[in-house]
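>
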Amino acid sequence: MPSNDISAYINRLAKEHTLSAPELLQLLQNSSETSDRLLFEHARRQAQQIFGKNVYLRGLIEFSNYCRNDCLYCGIRRSNKNVSRYRLTPEDILTCCRAGYKLGLRTFVLQGGEDFAYDDQKLTQVISSIKKQHPDCAVTLSAGERAPHIYQQWHNAGADRYLLRHETADAGHYGRLHPPELSLQSRLECLYSLKEIGYQVGTGFMVGSPWQTDENLVQDLLFIKKFRPHMVGIGPFIPHHDTPFSAFPAGSVQLTLRLLAILRLLLPEVLLPATTALNTLSAKGHQLGILAGANVIMPNLSPQDVRAKYTLYDNKRSTGSEAAEGIASLKAQLAEIGYSVPVSRGDAPGVLS
Ligand code: SAM
5 MPSNDISAYI NRLAKEHTLS APELLQLLQN SSETSDRLLF EHARRQAQQI FGKNVYLRGL
65 IEFSNYCRND CLYCGIRRSN KNVSRYRLTP EDILTCCRAG YKLGLRTFVL QGGEDFAYDD
125 QKLTQVISSI KKQHPDCAVT LSAGERAPHI YQQWHNAGAD RYLLRHETAD AGHYGRLHPP
185 ELSLQSRLEC LYSLKEIGYQ VGTGFMVGSP WQTDENLVQD LLFIKKFRPH MVGIGPFIPH
245 HDTPFSAFPA GSVQLTLRLL AILRLLLPEV LLPATTALNT LSAKGHQLGI LAGANVIMPN
305 LSPQDVRAKY TLYDNKRSTG SEAAEGIASL KAQLAEIGYS VPVSRGDAPG VLS
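Numbers given in our numbering equal positions in the sequence shown, counted from 1, plus 4.
In structure tokens, the structure reads:
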């Protein structure tokens with residue numbers, strides 16, 4: 005396909021914020037270094053138009069690595085007997101928040117495996133305590149699939165946002181990445197119920213997961229466009245040595261950047277992190293992600309002694325600019341490319357809190 009046709013698609017995507025499925029497929033299959041340059045420039049400009057040259061930070065607290073699920077890609081899947089399991093106490097979590105607050109963080113993300121022993125009531129109390137101690141902060145949950153009344157209870161306690169990646173919008177592909185008891189349908193039901201309850205909702209997928217096709221990626225993009233989440237988390241799949249997918253190759257950094265840029269143009273106002281997985285595969289992952297249209301980074305705020313235990317994939321970064329205590333070096337990296345870090349909850353535009 006001639007490169008001026010690809011440029012025409014990119015220019016139209018930047019202007020109209022939509023492309024058809026065949027056009028998205030052409031874009032994914034015919035991109036080049038030159039077309040990526042144009043795509044990233046448009047995406048960056050779009051992000052700057054809405055958010056300025058600001059990057060929002062979220063403090064990530066990995067509160068439990070127990071999980072009842074057995075997702076084939078994930079290092080903390082229940083069948084992995086080599087994981088040393090931990091569960092933070094409510095006081096541990098509050099201590100992390102206090103440390104994060106001092107560092108200027110105004111969003112705390114509580115992420116964990118689907119640990120049903122971390123009972124719903126206990127998490128409700130943790131959410132209320134965080135909101136009581138830090139009323140100017142947002143609480144984001146990422147605790148997997150739960151019943152709608154539990155999502156409601158957590159929202160009532162003060163949780164503002166919820167991250168639940170759909171992982172892949174193709175039911176057949178979903179089935180190859182997950183055990184039979186998990187389904188795309190129930191994942192989507194959770195997402196719709198979270199939205200209905202009133203959360204700011206995030207979804208997303210891994211780039212380069214086993215058997216993923218370009219057509220699957222187009223389905224992901226179109227699902228996201230239709231669902232209109234407030235946040236989208238994408239990062240490359242990275243193999244973990246103790247999973248059934250240990251021998252599969254990692255996803256591509258360049259394709260991840262391309263998809264970030266396309267997402268920015270499809271949903272101009274979306275909150276879009278340059279993820280830890282991207283920064284694990286490329287030492288400049290944060291900077292490259294921001295320059296491709298991302299506007300969020302989630303430094304790790306978990307207690308240092310548990311970080312190595314929350315190993316979703318091999319070599320996961322949790323130190324240096326990936327860590328909350330490394331915020332100064334993260335800020336310096338962002339300053340190098342002309343961006344600053346406001347002390348702000350960083351809500352989705354138009355969301356009243
Ligand atoms: N249990 C919650 C859930 O299911 O949403 C949150 C924790 S889960 C470990 C967070 C995300 O990690 C998943 O949505 C998945 O996309 C990502 N993840 C897991 N294993 C991964 C891998 N090997 N490579 C890249 N990302 C991975």
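We put the beta carbon where it would ideally sit given N, CA and C, even for glycine.
(1) Is there at least one non-hydrogen atom of the ligand SAM closer than 7 Å to the beta-carbon of Ser146?
(2) Which of helix, strand or coil does DSSP assign to Leu61?
(3) So the alpha helix (DSSP H) Gln137 belongs to, where does it begin and stop?
(4) Is any heavy atom in the ligand SAM found nearer than 7 Å to the beta carbon of Phe231?
(5) How is the alpha helix (DSSP H) around Gln308 delimited, first residue to last?
(6) Should the segment 290-308 be called in touch with the segment 35-49, which here means at least 3 C-beta pairs below 8 Å?
(7) Under 8 Å Cβ to Cβ from Val363, same chain only, skipping five residues before and after it: list those, please.
(8) Starting from the N-terminal side, write out each stretch of the alpha helix (DSSP H) that is 4 residues or longer and does not extend beyond the segment 264-331.
(9) Opposite Ile242 in the DSSP bridges: which residues?
(10) Can you give the Cα-Cα distance for Leu76 and Thr279, rounded to whole angstroms?
(11) Classify Arg102 as buried or exposed, calling it buried when 16 or more other Cβ atoms lie within 10 Å of its own Cβ.
(12) Just to confirm before moving on: does the CB-CB distance between Met235 and Val113 stay below 8 Å?
(13) Identify, in the order they occur along the chain, each residue of the same chain with its Cβ nearer than 6 Å to the Cβ of Leu17, setting aside the five sequence neighbours on each side.
(14) For Arg180, name the three-state secondary structure that DSSP assigns.
(15) Hey, quick one: how far does the beta strand (DSSP E) through Leu167 stretch, first residue to last?
(16) Using three-state DSSP, classify Glu171 as helix, strand or coil.
(17) Compute the minimum distance between the beta carbon of Phe241 and the heavy atoms of the ligand SAM, and state whether it is under 7 Å.
(18) Quick one: is Gly354 buried, meaning 16 or more other Cβ sit within 10 Å of its Cβ, or exposed?
(19) Within a Cβ cutoff of 7 Å, which residues of the same chain sit near Gln337, ignoring the five residues on either side of it in sequence?
(20) Is Ala339 buried or exposed, if buried means 16 or more other CB atoms sit within 10 Å of its CB?
(21) Decide if Val59 is buried, meaning its Cβ has at least 16 other Cβ atoms within 10 Å, or exposed.
Concretely, from the data shown:
(1) For the purposes of this step, residue 146 is taken as residue 142 along the sequence shown, with counting starting at 1. Distances from the CB of Ser146 to the heavy atoms of the ligand SAM include at least one below 7 Å.
(2) Here the question's residue 61 lines up with position 57 in the sequence shown. Of the three classes helix, strand and coil, the one that applies to Leu61 here is strand, per DSSP.
(3) Counted from its first residue, the sequence shown places residue 137 at position 133. Segment 124-137, the alpha helix (DSSP H) holding Gln137.
(4) The residue you call residue 231 lines up with position 227 of the sequence shown. The closest heavy atom of the ligand SAM lies 7 Å or more from the beta carbon of Phe231.
(5) Counting from 1 along the sequence shown, the entry for residue 308 is found at position 304. Its alpha helix (DSSP H) spans residues 308-311.
(6) yes
(7) Residue 363 lies beyond the residue range present for the chain, which begins at 5 and ends at 357; the question has no answer from this structure.
(8) 280-285, 289-295, 308-311
(9) Here the question's residue 242 lines up with position 238 in the sequence shown. Note: Ile242 sits in no beta bridge, so no partner.
(10) Here residue 76 is taken as the residue at index 72 of the sequence shown, counted from 1. Here residue 279 is taken as the residue at index 275 of the sequence shown, counted from 1. Spanning the two alpha carbons is a distance of roughly 21 Å.
(11) Position 98 of the sequence shown, counted from the start, is the residue given in the question as residue 102. So Arg102 ends up on the exposed side.
(12) As a working note, residue 235 is residue 231 in the sequence shown. As a working note, residue 113 is residue 109 in the sequence shown. No, the Cβ-Cβ distance between Met235 and Val113 is not below 8 Å.
(13) The sequence position of residue 17 within the sequence shown is 13, counting from 1. Within the same chain, Leu17 has close Cβ partners Leu23, Leu269.
(14) Counting from one through the sequence shown, the residue named residue 180 turns up at place 176. Helix at Arg180.
(15) For this step, residue 167 is matched to residue 163 along the sequence shown. First-last of the beta strand (DSSP E) with Leu167: 165-167.
(16) Here residue 171 is taken as the residue at index 167 of the sequence shown, counted from 1. Correct three-state label for Glu171: strand.
(17) For the purposes of this step, residue 241 is identified with residue 237 of the sequence shown, where counting begins at 1. Correct: Phe241 has its Cβ closer than 7 Å to the ligand SAM.
(18) Numbered from 1 along the sequence shown, position 350 holds the residue referred to as residue 354. The residue is exposed, with fewer than 16 neighbouring Cβ atoms inside 10 Å.
(19) Indexing the sequence shown from 1 puts residue 337 at position 333. Closer than 7 Å at Cβ, skipping near neighbours: His290, Gln291, Ser325.
(20) As a first step, residue 339 must be located in the sequence shown, where it is residue number 335. Classification of Ala339: exposed, given that the 10 Å Cβ count is below 16.
(21) Walking along the sequence shown from the start, residue 59 turns up at place 55. Buried.
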